[in-house]
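The structure appears right after this line, and notes come after that.
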Amino acid sequence: RRANAPSPYLSAAKARNLSSSWARNEEDAMKVFFKAVATLAAAIVLAAGNLRTLSASAAAYTQTVDVVSSGSALNVEPTLILEADSFGKMQEIEQAAVRPASVIVTPDADMNVSLGGESKTLAETFDGYMKGRFIPVVRLTAETVDKFAAWMKNTYTVSDIMAVSSEIEVIEKLYADEVCYIVNTVYDLTSVSIPENRYELWQYVGEANAAGCNILMFDGADGRISLAAEYVSSLTKVCWAYADDKTEAVAAMAAGCYGVAAQSADALTQAAAIFAKDGFARAQYLAAHRGVTAYANENSLTALAAAANEGATHVEIDLQITSDGQLLICHESDAGARSTAPGGTWFAVNSSAKLRGYTLDDYSERYGETFPLLSEVVKLMKNTDVILILELKLDNGSAAAVSGLKAIEKLKAVMDEYPEMAGRWFAITFFAPYAEEMRRVCPEIPVGFLGYAKADNGTAWSSQPAMTAIGKKIAFLRKYNMTLDEELSAATYTTARNYLARGYTQNTWTFKDMSHFSGGANIATTDKAEEGAMLVRQVCPSGELKATSAQLASGKIQAQCKTYNGWNVEKECEIIPVAEVSPTEIKAVLYYRQDASSPYGIYSNLITLNIA
12 RRANAPSPYL SAAKARNLSS SWARNEEDAM KVFFKAVATL AAAIVLAAGN LRTLSASAAA
72 YTQTVDVVSS GSALNVEPTL ILEADSFGKM QEIEQAAVRP ASVIVTPDAD MNVSLGGESK
132 TLAETFDGYM KGRFIPVVRL TAETVDKFAA WMKNTYTVSD IMAVSSEIEV IEKLYADEVC
192 YIVNTVYDLT SVSIPENRYE LWQYVGEANA AGCNILMFDG ADGRISLAAE YVSSLTKVCW
252 AYADDKTEAV AAMAAGCYGV AAQSADALTQ AAAIFAKDGF ARAQYLAAHR GVTAYANENS
312 LTALAAAANE GATHVEIDLQ ITSDGQLLIC HESDAGARST APGGTWFAVN SSAKLRGYTL
372 DDYSERYGET FPLLSEVVKL MKNTDVILIL ELKLDNGSAA AVSGLKAIEK LKAVMDEYPE
432 MAGRWFAITF FAPYAEEMRR VCPEIPVGFL GYAKADNGTA WSSQPAMTAI GKKIAFLRKY
492 NMTLDEELSA ATYTTARNYL ARGYTQNTWT FKDMSHFSGG ANIATTDKAE EGAMLVRQVC
552 PSGELKATSA QLASGKIQAQ CKTYNGWNVE KECEIIPVAE VSPTEIKAVL YYRQDASSPY
612 GIYSNLITLN IA
């Protein structure tokens, strides 16, 4: 997935800068990538240069809070969020080994917080009960958002703070404010009934992204919470759920919600304890890296069709732009690297007609294929459920591709041509110009930040790779409203959880084998998508199962499961009871492990067991 060396048609100085930056970043990335999360100085918040209106009298707090374990064994743990009902409760849970990472409070128009008959200022609440202990979350409305913005500018600037609101205008206002853009936001959709068709949720995902928001929160009591969690996460956004009790919290966690909020800390911790076995609450997404390349040319229509047939949930493709403004698919900017074209045949200075006269040959010439147009890929995929991940290579970040060839505007034109594909793609990039232009031209489309992105002037887009200096990266990601596309490994797990808790979900860099199942990846971009075809993706998709008393006593049952490529298979699963509804009905989750030596374990959604 790494960026290529720049093409030589750029000016000599620009090419020299890009080349040295490219080589330097390759080396430096390995040196700093695995550094631990650092506590930041006050300069972190000020680094973006956007806090000019901050009052000299305003206090500033820039320390970030490490997210505590939820107490589960899940490969990707949910963040626990407490809606506080008393100041004393916050003090009580602070000492618990397993406790919420975030606390929600609701300030009034005077920025006072009233809980359990007590009232304190928001600053007193933060100083006395949250600072250094929890990620503070404030509920805001149209009536309180301006007062909160004034509070941030004149009373207390907290760099690691979140806000939740059901009003998209409130989120837009925070994101646009030159101080309050650092406030991460949650779009409260608990009053919205989750539709049966997942793509109807695109209106909310797109609206949230355009407003600068990465987290959408739904009602945990909604029977379609798993549909919302699956779809929202598939687009690199984060799905939270609000639960009224332990059973709803279990349902949300089993659905794969990355955040669960409740008024009861006990309900949250008891629900997390249900997931005591290693594995995934929701199956990983398998993104076929340039398609299935085991038996076809990468980024070819054959490779992409194979990916859909093998059960890939996403395909990752690389976009290039030609001199006549056509979007073709190829990883390198030099067509000669993947085809019968001579070396030095650069996309940006050659016509699509000329380039499509060559034959792809990185695997074999026998297919007789050429570089596909993006529109051809869309036509191939539009009748599937596969989501397109568009890596914006486009001459590797050159200004010519943005301003001269208007690459992002050409991309939007293709998207507009196929409205039936709405909600089925997002972009990833190493390069600042493309992220900025996507924000201007396609603000509803999520954009993922790839590692150590580079600007078109040859300097690093931000000073360090994305898995270091969490506070600085939070400000950076908020400024550009970017999600995080980054490697998740044992060495970076704590840092990744900190990002996830704040709404920056992670994809992964490319895996060469199936090792992603041993880590906590959300979307595993893999060279071996076909090897996951017969792995179980859903356990008991019907949500209901008949069981005998003997099976319940043994803790084992045969359940129908669905594989990635859509086959139905019977598998023996473990029964984990959650709540007894009646003597003949139990709410439970099922757990399936591929085999004793496999790292791949997966839970069902919350199901109903009817006891015979």
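The numbering used here puts the sequence shown at residues 12 to 623.
C-beta atoms are modelled at their ideal positions from N, C-alpha and C, and glycine is treated no differently.
Note that the structure is a prediction, hence the values are computed from the model and not measured.
How long is the line joining the alpha carbons of S560 and A590, rounded to whole angstroms?
16 angstroms
In terms of DSSP beta bridges, what is P444 paired with?
Paired residues: none, contrary to the question.
Have a look at A418, T619, C191 and flag the residue whose alpha-carbon is nearest the alpha-carbon of V592.
T619
Take the Cβ of G223 as the centre, count every other Cβ of all protein chains shown within 10 Å, and call the residue buried at 16 or more, exposed below.
buried
Grab me the residues of R13's own chain with a C-beta within less than 6 angstroms of its C-beta, minus the 5 sequence neighbours each way, in chain order.
Reliability of the predicted coordinates at R13 is poor, the pLDDT of 47 falling under 50, and the value obtained from them is presented with this limitation in mind. None.
Give me the residue from W162, E94, S170, S125 with the minimum Cα distance to Q74.
S170
For L399 versus A418, is the C-beta spacing smaller than 8 angstroms?
no
N- and C-terminal bounds of the alpha helix (DSSP H) containing V360
Counting along the chain, V360 falls outside any alpha helix (DSSP H), and DSSP gives it neither H nor E.
Would you kindly work out how many angstroms separate the C-alpha atoms of V148 and M173, rounded to a whole number?
5 angstroms
Assumed close pair Y603, V547 - CB separation to whole angstroms, cut-off 8 angstroms
6 angstroms
Segment limits, beta strand (DSSP E) that includes D199:
195-199
Residue nearest to C551 in terms of C-alpha spacing, selected from G531, E583, A544, K490:
E583
Measuring CB to CB, does I226 end up less than 8 angstroms from G270?
yes
Could you have a look at Q295 and say whether DSSP puts it in helix, strand or coil?
coil
Measure the alpha-carbon distance for Q475 versus F441 and round it to whole angstroms.
At Q475, the pLDDT of 42 sits below 50, so the modelled position is not reliable; the number obtained from the coordinates is stated separately. So the alpha carbons of these two residues sit roughly 13 angstroms apart.
Going along the chain, which residues of its own chain have a beta-carbon closer than 8 angstroms to the beta-carbon of G379, five neighbours each way excluded?
T370
State yes or no: is the C-beta of E585 within less than 8 angstroms of the C-beta of Q569?
no
Can you tell me which of V116, A544, Y504 puts its alpha carbon nearest to the alpha carbon of E321?
A544
Any chance you could list the alpha helix (DSSP H) runs of at least 4 consecutive residues sitting entirely within the region 508-552, in chain order?
none
Is there at least one non-hydrogen atom of the ligand PLP closer than 7 angstroms to the beta-carbon of W251?
Questions concerning the ligand PLP fall outside what the structure shown contains, since it holds no ligand whatsoever.
With a threshold of 16 other CB atoms inside 10 Å of the CB of T537, please say whether the residue is buried or exposed.
buried
Report all residues from its chain with a CB closer than 8 angstroms to the CB of M573; omit the five preceding and five following residues, and keep chain order.
Before going on, a small fix: residue 573 reads as Lys here, not Met. Excluding sequence neighbours, K573 sits near V547, R548, Q549, P552, N579, V580.
Start-to-end residues for the beta strand (DSSP E) that takes in T619:
618-622
Roughly how many angstroms lie between the CA atoms of I622 and G554, to the nearest whole one?
14 angstroms
Spell out a yes or no on whether the region 184-194 and the region 214-221 are touching, meaning 3 or more CB-CB pairs, one atom from each, closer than 8 angstroms.
no
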